[in-house]
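Residue numbers (this note's numbering): 5 to 214.
Laid out in structure tokens, this is it:
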């Protein structure tokens, strides 16, 4: 599943509003335009047109991730189905939603920004959610390689840009091949292990501070 940026933004906006403003959900097209183009809690800020939002809705409907809501009056309203399609828990839905709307983030950032969607008691709970999503047969999250000079590991979703995919999956096994291939696999495995160790260190440090 490789969604383009407009589809990712529309899906994330529907997920957010379902959890934060349930009285106004499902959303009309006009409400969805406003949510997609919101100036706060969005990275990057976008200026989607009505045609772009409607096209994104068609893409998401074809994938059964979005559907028109029933009995909503004159103006059609739309709701997401990602929780059912991907079998997501509420904490997992909150994490995926934040990654869709704000891009790669550290576990600490995810915890501080998720209050209105799901209350994580501690940083370790966020890390456990990320690990669970990343260890699926088809991973939904991945730790990015640590940036030079950075102490924190950022995580990304895997519903969009293929370039954001991890260099190695957890518990990867080696395939038979040339020496060059095996060296590359070792390097990829090391990068993934470093990312997981960094996240664990961050969680431990946060725990000691509290």
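Just so you know, even glycine gets a beta-carbon here, dropped at the ideal spot from N, CA and C.
### Message
For the structure I just gave you, are there three or more beta carbon pairs, one from the segment 95-111 and one from the segment 134-147, closer than 8 Å?
### Response
yes
#### Entry: Cβ neighbour criterion (16 or more within 10 Å) applied to residue 110
On the chain shown, position 106 is the one that residue 110 refers to. Buried.
### Message
Please state the DSSP three-state secondary structure of residue 162.
### Response
Against the chain shown, residue 162 aligns to sequence position 158. Correct three-state label for residue 162: coil.
### Query
So what does DSSP say about residue 83, is it helix, strand or coil?
Residue mapping note: residue 83 aligns to position 79 of the chain shown, counting from 1. Residue 83 sits in a strand when the DSSP states are folded into three classes.
### Query
So which of 37, 67, 31, 135 has the shortest CA-CA distance to residue 5?
In the chain shown, counting from the first residue as 1, residue 5 sits at position 1. By alpha-carbon distance to residue 5, the top candidate from 37, 67, 31, 135 is 67.
### Query
Hey, quick one: how far does the alpha helix (DSSP H) through residue 10 stretch, first residue to last?
Locating residue 10 in the chain shown gives position 6, where the first residue counts as 1. Start and end: 9-24.
### Cβ shell of residue 12 (< 6 Å), same chain only, five flanking positions each side left out
Position 8 of the chain shown holds residue 12. Cβ neighbours of residue 12 beyond the five flanking positions: 104, 164.
#### Entry: Residues near residue 24 by beta carbon distance below 8 Å, same chain, minus five either side
For the purposes of this step, residue 24 is taken as the residue at position 20 of the chain shown. Closer than 8 Å at the Cβ level, and outside the excluded window around residue 24, lie 120, 121.
### Message
Using only the alpha-carbon positions, how far apart do residue 116 and residue 130 sit?
### Response
Along the chain shown, one-based indexing puts residue 116 at 112. Along the chain shown, one-based indexing puts residue 130 at 126. Between residue 116 and residue 130, the C-alpha separation is close to 10 Å.
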